[in-house]
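2 protein chains.
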Amino acid sequence: MRIPILKLYNCLLVSIQWELDDQTALQFQEDLLQKIHETGANGVVIDLTSIDFIDSFIAKVLGDVIDMSNLMGAKVVITGIQPAVAITLIELGIGLTNVLTAIDLEKGLEKLQQELGE
Amino acid sequence: MRIPILKLYNCLLVSIQWELDDQTALQFQEDLLQKIHETGANGVVIDLTSIDFIDSFIAKVLGDVIDMSNLMGAKVVITGIQPAVAITLIELGIGLTNVLTAIDLEKGLEKLQQELGE
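So the protein sequences, as listed, match chains A and B. Count along the first sequence from 1, add 14, and you get the number used in the numbering used here. Count along the second sequence from 1, add 14, and you get the number used in the numbering used here.
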């Protein structure tokens with residue numbers, strides 16, 4: 015099973031709508047980086063609105079994929095982090111410090127366009 | 015397994031990136047209608063760019079979900095129909111006659127916004 019990645023103009027959109035198992039998370043990491051490479055997208059929005067639980071492995075993969083995307087030249091915005099997920103991330107020491115966040119997908123896209131200066 | 019449905023402003027975006035089995039297709043039908051009801055979306059873009067094969071059952075479900083969405087008041091645009099899929103649809107007698115189509119997700123969204131008069 016793979017997570018669909020949508021290309022919209024210069025951005026990629028990903029909505030994670032179920033708990034990821036470890037294999038799917040790693041596959042997602044690979045797919046996203048590949049898609050950034052293929053499309054030359056310079057922004058990524060990852061929407062977690064439907065996720066109400068995150069474990070330490072997934073949190074680490076998420077942190078990694080953000081750093082990797084940045085390395086490849088794509089800015090990442092995480093949207094829709096729920097209270098329980100925010101609590102877990104901070105308790106795990108994963109502050110996602112260099113990451114843009116927004117309350118929902120629309121706001122995330124706006125923030126990204128602002129950052130990209132468009 | 016479910017197909018993620020993204021809400022963007024007044025539209026829903028769905029990207030189908032792998033061959034659907036019958037159960038997933040029916041689940042998608044149910045999820046999409048439920049999401050239209052929940053969000054009050056008045057447009058839906060279904061992107062088939064990554065699909066290079068469609069069987070008669072999936073084609074029927076797709077045709078049905080378009081009619082059902084229309085009944086509920088949401089316009090549907092299908093994007094990225096590949097040659098082989100177009101051939102199958104026509105050969106099956108599923109012309110998707112009352113459906114808007116576009117070459118890719120961006121053009122589909124533009125067409126939808128035009129149709130919705132925005």
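Glycine included, each C-beta is placed from N, C-alpha and C at the ideal position.
Next on the checklist: For a cutoff of 8 Å on Cβ pairs, would you count M15 (chain A) as touching chain B?
Outcome noted: As a working note, residue 15 (chain A) is residue 1 in the first sequence. Answer yes: the Cβ-Cβ gap between M15 (chain A) and chain B drops below 8 Å somewhere.
Item to check | chain A residues whose Cβ lies nearer than 8 Å to that of Q41 (chain B) | outcome: As a first step, residue 41 (chain B) is located in the second sequence; it is residue number 27 there, counting from the start. Residues of chain A passing the Cβ test: none, with the nearest at roughly 12 Å.
Next on the checklist: Please tell me whether D35 (chain B) has its Cβ less than 8 Å away from any Cβ of chain C.
Outcome noted: Absent from the structure is chain C; the protein chains it does hold are A and B.
Checklist entry - Any idea what DSSP makes of A98 (chain A), helix, strand or coil? => result As a working note, residue 98 (chain A) is residue 84 in the first sequence. A98 (chain A): helix per DSSP, three-state reduction.
Item to check | Nearest-angstrom Cα separation, counted from V90 (chain A) out to G77 (chain A) | outcome: Taking the first residue of the first sequence as 1, we reach residue 77 (chain A) at position 63. Taking the first residue of the first sequence as 1, we reach residue 90 (chain A) at position 76. Pairing G77 (chain A) with V90 (chain A), the inter-Cα distance amounts to about 11 Å.
Next on the checklist: I want to see whether chain A comes within less than 8 Å of D61 (chain B), judged by CB atoms only; does it?
Outcome noted: Here the question's residue 61 (chain B) lines up with position 47 in the second sequence. Yes, because at least one Cβ of chain A sits closer than 8 Å to the Cβ of D61 (chain B).
Checklist entry - Who are the neighbours of P18 (chain A) on chain B, taking C-beta pairs under 7 Å? => result Counting from 1 along the first sequence, the entry for residue 18 (chain A) is found at position 4. Simply P18, S29, Q31.
Checklist entry - To the nearest whole angstrom, what separates the beta carbons of A88 (chain A) and I50 (chain A), a pair I think is in contact under 8 Å? => result Taking the first sequence and counting its residues from 1, the one referred to as residue 88 (chain A) is at position 74. Taking the first sequence and counting its residues from 1, the one referred to as residue 50 (chain A) is at position 36. That pair is a contact at about 5 Å.
Next on the checklist: Tell me which residue opens and which closes the beta strand (DSSP E) that S29 (chain B) is part of.
Outcome noted: The count along the second sequence starts at 1 and reaches residue 29 (chain B) at position 15. That run of the beta strand (DSSP E) goes 25-29.
Next on the checklist: Quick check: what's the CA-CA separation for Y23 (chain B) versus C25 (chain A)?
Outcome noted: As a working note, residue 23 (chain B) is residue 9 in the second sequence. As a working note, residue 25 (chain A) is residue 11 in the first sequence. Computed Cα separation, rounded: 16 Å.
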